[in-house]
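Those protein sequences? They're chains A and B, same order as listed.
According to the numbering used here, the stretch in the first sequence is residues 1 to 340, in order.
According to the numbering used here, the stretch in the second sequence is residues 1 to 340, in order.
Think of the CB as a built atom: it goes at the ideal place given N, C-alpha and C, for glycine as much as any other residue.
Number of protein chains: 2
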Amino acid sequence: MSRDGDVTLTLGEAEALARSVLERQGLAPDHAAAVARTMAAGERDGCASHGLYRLLVAANSIAKGVVVPDAVPVLSEPAVALVRVDGGGGFAQLPFEQGKPLLVEKARRFGIAALALNNVVHFAALWPEVEALAGEGLAALAFTPSHAWVAPEGGTKPVFGTNPIAFGWPRPGKPPFVFDFATSAVARGEIELHRRAGKPIPPDWGYDDAGNPSTDPVAVLNGAMRTFGGHKGSALAAMVELIAGPLIGDMTSAESIAADQGRMGSPIGGELVIAIDPSGFLGAGLEDHLRRAEAMFEAIEGQGARLPSARRYAARVRSETEGVRIPAQLHRDISALLKA
Amino acid sequence: MSRDGDVTLTLGEAEALARSVLERQGLAPDHAAAVARTMAAGERDGCASHGLYRLLVAANSIAKGVVVPDAVPVLSEPAVALVRVDGGGGFAQLPFEQGKPLLVEKARRFGIAALALNNVVHFAALWPEVEALAGEGLAALAFTPSHAWVAPEGGTKPVFGTNPIAFGWPRPGKPPFVFDFATSAVARGEIELHRRAGKPIPPDWGYDDAGNPSTDPVAVLNGAMRTFGGHKGSALAAMVELIAGPLIGDMTSAESIAADQGRMGSPIGGELVIAIDPSGFLGAGLEDHLRRAEAMFEAIEGQGARLPSARRYAARVRSETEGVRIPAQLHRDISALLKA
Numbered sequence: 001m002s003r004d005g006d007v008t009l010t011l012g013e014a015e016a017l018a019r020s021v022l023e024r025q026g027l028a029p030d031h032a033a034a035v036a037r038t039m040a041a042g043e044r045d046g047c048a049s050h051g052l053y054r055l056l057v058a059a060n061s062i063a064k065g066v067v068v069p070d071a072v073p074v075l076s077e078p079a080v081a082l083v084r085v086d087g088g089g090g091f092a093q094l095p096f097e098q099g100k101p102l103l104v105e106k107a108r109r110f111g112i113a114a115l116a117l118n119n120v121v122h123f124a125a126l127w128p129e130v131e132a133l134a135g136e137g138l139a140a141l142a143f144t145p146s147h148a149w150v151a152p153e154g155g156t157k158p159v160f161g162t163n164p165i166a167f168g169w170p171r172p173g174k175p176p177f178v179f180d181f182a183t184s185a186v187a188r189g190e191i192e193l194h195r196r197a198g199k200p201i202p203p204d205w206g207y208d209d210a211g212n213p214s215t216d217p218v219a220v221l222n223g224a225m226r227t228f229g230g231h232k233g234s235a236l237a238a239m240v241e242l243i244a245g246p247l248i249g250d251m252t253s254a255e256s257i258a259a260d261q262g263r264m265g266s267p268i269g270g271e272l273v274i275a276i277d278p279s280g281f282l283g284a285g286l287e288d289h290l291r292r293a294e295a296m297f298e299a300i301e302g303q304g305a306r307l308p309s310a311r312r313y314a315a316r317v318r319s320e321t322e323g324v325r326i327p328a329q330l331h332r333d334i335s336a337l338l339k340a
Numbered sequence: 001m002s003r004d005g006d007v008t009l010t011l012g013e014a015e016a017l018a019r020s021v022l023e024r025q026g027l028a029p030d031h032a033a034a035v036a037r038t039m040a041a042g043e044r045d046g047c048a049s050h051g052l053y054r055l056l057v058a059a060n061s062i063a064k065g066v067v068v069p070d071a072v073p074v075l076s077e078p079a080v081a082l083v084r085v086d087g088g089g090g091f092a093q094l095p096f097e098q099g100k101p102l103l104v105e106k107a108r109r110f111g112i113a114a115l116a117l118n119n120v121v122h123f124a125a126l127w128p129e130v131e132a133l134a135g136e137g138l139a140a141l142a143f144t145p146s147h148a149w150v151a152p153e154g155g156t157k158p159v160f161g162t163n164p165i166a167f168g169w170p171r172p173g174k175p176p177f178v179f180d181f182a183t184s185a186v187a188r189g190e191i192e193l194h195r196r197a198g199k200p201i202p203p204d205w206g207y208d209d210a211g212n213p214s215t216d217p218v219a220v221l222n223g224a225m226r227t228f229g230g231h232k233g234s235a236l237a238a239m240v241e242l243i244a245g246p247l248i249g250d251m252t253s254a255e256s257i258a259a260d261q262g263r264m265g266s267p268i269g270g271e272l273v274i275a276i277d278p279s280g281f282l283g284a285g286l287e288d289h290l291r292r293a294e295a296m297f298e299a300i301e302g303q304g305a306r307l308p309s310a311r312r313y314a315a316r317v318r319s320e321t322e323g324v325r326i327p328a329q330l331h332r333d334i335s336a337l338l339k340a
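Here's what the structure looks like:
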């Protein structure tokens, strides 16, 4: 169905299209299904940059050999309350799906547990992971480095990745409270959009490779982005490097971009997910205390401020009844991959 | 010894003075010793606002009955990998000291563990906690709400506290990497300093109680401060409320300030500390991977950027040889408490 130059797909159609395209590129069926679920969820939630558009990115990663298309994730238990899934160089989605049940079980049994994904290719946001865990009634945190594109505060040379932090909190009878943001000043894609549009960027987004603040998106893409929030954002970016890099035996953003060898592939490395079972501390008081959390959400929304996940959930409700609309050109580019 | 109008004390003298003053106010000796250690450490590290100056704040909290001076902390194990210390309304330092050994033991045994301090009075920074855990070879995170003084991004009414986040990372042969920052745009004390000096504050620090941005420190102290880093800092502040409030069965910042009933006492509530043993994920690879973390620190410092804890450690080295210098007036105010 086409309307206003867009192609409208039901959520089922969007996911099936993504799965077909990924399988056609040579991705093993279990990986293709897991990746397609994540891309369709992004499209559904109005995150176009993490939606079906990413099929083009994934196809490039597969074609260039950045990702192992038929990697078999290997699950292990390095310590009593720790889970590890070695992704073997494949996409992160299937390893997360395979590690999640044991992470949930351990969080419930011990009160807190952590999951490391190792040796995985990242192209997606982290909110699907923390939302899935909050859907199991757990509080969850997730972290991952990326490629070294971001300078520490006080410097001008890249050390950190865009290093997102995501958090999920279970809300009885409602979708979870979820946030997921880059610790860089803006998403790298935002600078890319300015480059394509030939527009300057604000002077506080980054530096050229001589270390001067620059409004030229190309110069900043080749130089260094800044972190959000000055030295505080920079400290958080360093933490993400440490706990989702060396702590779990995986690459820092500097090591990931070095390993990429200029292929412009998606970042390869690790991800750390921490899950805490509120019942662990609260026992029979669980319901009362979750209700107290709701009072905080009401104090935020009651003054007209928005919860971080509100826009995504509103888009989700629309998409579930109206389907998703894909720009006609993007739909053609994606469909072309079916014949490639 | 007096010089330039300051009084110089050795670290031992500073700690002994703090302990005497606290005991004189009626604080039980074990609490007085723990609190004095923290205040002397703040003074030693050049954090004057968390140093001996806090004796005046603590004396006020004790005099007004905000703190239970002889509270006996009660330790429990709500779940296999969780520790709880109920502080019984006393200061947070002794409960942390008493909960720390079991937290460390559990983190080593299970790979990850968490400690909740409940029903404690907070006046100090969080870095002493995460630094102590990093000193045991663990990565550590700490969070605590405070009083509702900070508006969520997009709103102008207070919901959050200044809600600090602290992180510690062990460095072989060096002091740990540690950061500790408020998720508010600035420390509340910074606005107080402007008020005392009769100076305006920048317009992006907060709102008056009509919800307008204000440069009047008094108006913002009575209105609402802003978070750092826009909606990202606001999301983190909400997370701190949740995981160091309802998750551990303790108060949110809004509940804490309501319970204060206008006494202007220190915040009462909870604190969440998460500890992860790098050996859990790394096993025999520990040394290699900690070395890779050092490469990241070198990439930061090698370009002239500073690590978050660098200034404190430099002050510490100076204080250990030269002692600490207290303004003469502050020393008189503190000494007066010995006779009160």
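- Leaving out the 5 sequence neighbours to the left and right, which residues in its chain are closer than 6 Å to Ser-2(A) when beta-carbon positions are compared? Only weak support is given to the placement of Ser-2(A): the predicted model assigns it a pLDDT of 49, under 50, and the value that follows is read from those uncertain coordinates. There are no such residues.
- Query: Hey, how far is the Cα of Gly-26(B) from the Cα of Ile-62(B)?
  - Reply: 8 Å
- Message: Quick check: is the beta carbon of Met-1(B) nearer than 9 Å to any beta carbon in chain A?
- Response: Legend: pLDDT at Met-1(B) = 48, less than 50; position of this residue unreliable, value from coordinates given subsequently. By this cut-off, Met-1(B) is not an interface position.
- Message: Run through chain A and tell me which residues come within less than 7 Å of His-50(B), C-beta to C-beta.
- Response: Going along chain A, no residue has its Cβ under 7 Å from His-50(B), so there is no contact; the nearest lies around 17 Å.
- Message: Can you give me the C-alpha to C-alpha distance between Met-296(A) and Thr-252(B), rounded to a whole angstrom?
- Response: 8 Å
- Between Thr-38(A) and Pro-213(A), what straight-line distance do the alpha-carbon atoms span, to the nearest angstrom? 36 Å
- Query: For Ala-116(A), which of Arg-109(A), Phe-123(A), Glu-129(A) and Arg-108(A) has the nearest alpha-carbon?
  - Reply: Glu-129(A)
- Task: May I ask which residues mark the beginning and end of the beta strand (DSSP E) holding Thr-8(B)?
- Result: 6-9
- Query: Comparing alpha-carbon positions, which option in Arg-312(A), Trp-149(A) and Leu-330(A) lies nearest Trp-127(A)?
  - Reply: Arg-312(A)
- CB contact below 9 Å: Ser-234(B) versus chain A: yes
- Close Cβ partners of Ala-148(B) (< 7 Å) along its chain, the five nearest in sequence each way excluded: Pro-158, Val-159, Phe-160, Gly-161, Ser-253, Ala-254 and Ile-257
- Query: So, does the CB of Phe-127(A) fall closer than 9 Å to a CB anywhere in chain B?
  - Reply: Sequence check: residue 127(A) is Trp here, not Phe. False, the Cβ-Cβ gap to chain B never drops below 9 Å.
- Message: Helix, strand or coil, according to DSSP, for Phe-167(B) in the structure here?
- Response: strand
- Item | Neighbourhood of Gly-230(A) by C-beta distance below 7 Å, restricted to the same chain and skipping five residues each side | Glu-153
- Under a CB-based cut-off of 9 Å, is Thr-10(A) close to chain B? no
- Message: Among Ala-151(A), Ala-275(A) and Gly-223(A), whose alpha-carbon lies nearest the alpha-carbon of Glu-301(B)?
- Response: Ala-151(A)
- alpha helix (DSSP H) segments (min. 4 residues) lying fully within the region 199-270 of chain A: 217-222, 230-243 and 253-260
- Query: What number of angstroms, rounded off, separates the C-alpha of Trp-205(B) from the C-alpha of Tyr-207(A)?
  - Reply: 26 Å
- Of the choices Ser-266(A), Arg-108(A), Val-324(A) and His-331(A), whose alpha-carbon is the least far from that of Leu-67(A)? This sequence places Val at residue 67(A); Leu is not what is there. Taking only the C-alpha atoms, the option nearest Val-67(A) is Ser-266(A).
- Residues that Arg-84(B) bridges to, as DSSP identifies them: Ser-76(B) and Ala-116(B)
- Message: Quick check on the DSSP output: the beta strand (DSSP E) that includes Val-178(B) runs from which residue to which?
- Response: 174-181
- Query: Can you give the Cα-Cα distance for Glu-131(B) and Ser-20(B), rounded to whole angstroms?
  - Reply: 26 Å
- Query: For the region 93-155 of chain A, which segments carrying the alpha helix (DSSP H) assignment without a break, of at least 4 residues, lie completely within its bounds, in sequence order?
  - Reply: 93-110 and 127-134
- Item | DSSP three-state assignment for Ser-309(B), whether helix, strand or coil | coil
- Message: Just verifying my parser: in three-state terms, what is the DSSP assignment at Pro-29(A)?
- Response: helix
- Can you give the beta carbon distance from Leu-103(A) to Val-218(A), rounded, assuming they're within the 8 Å contact cut? Not confirmed; about 41 Å, so no contact.
- Query: Along chain B, in chain order, which residues have C-beta atoms closer than 9 Å to that of Val-159(A)?
  - Reply: Met-296, Ala-299, Ile-300, Gln-303 and Ala-305
- Task: Name, please, each residue of chain A whose Cβ falls closer than 7 Å to the Cβ of Glu-153(B).
- Result: Ala-305
- Using 10 angstroms around the beta-carbon of Arg-325(B), count the other beta-carbons present and answer buried if the total reaches 16, otherwise exposed. buried
- Task: Can you give me the Cβ contacts of Ser-146(B) inside the same chain, cut-off strictly under 6 Å, excluding the 5 residues immediately before and after it?
- Result: Gly-161, Thr-162, Ser-253 and Pro-267
- Item | Contact set between Ala-81(B) and chain A, taken where Cβ atoms lie within less than 7 Å | Ala-81, Phe-110, Gly-111 and Ile-112
- Task: Pull up the distance between the alpha-carbon of Leu-138(B) and that of Arg-84(B), whole angstroms please.
- Result: 19 Å
- Skipping 5 residues on each side, what residues in its chain have a beta carbon closer than 6 Å to that of Arg-332(B)? none
- Message: According to DSSP, is Ala-275(A) part of a helix, a strand, or is it coil?
- Response: strand
- Own chain partners of Ser-335(B) with C-beta closer than 7 Å, once the 5 adjacent residues on each side are dropped: none
- To the nearest angstrom, how far is it from the Cα of Leu-286(B) to the Cα of Val-178(B)? 19 Å
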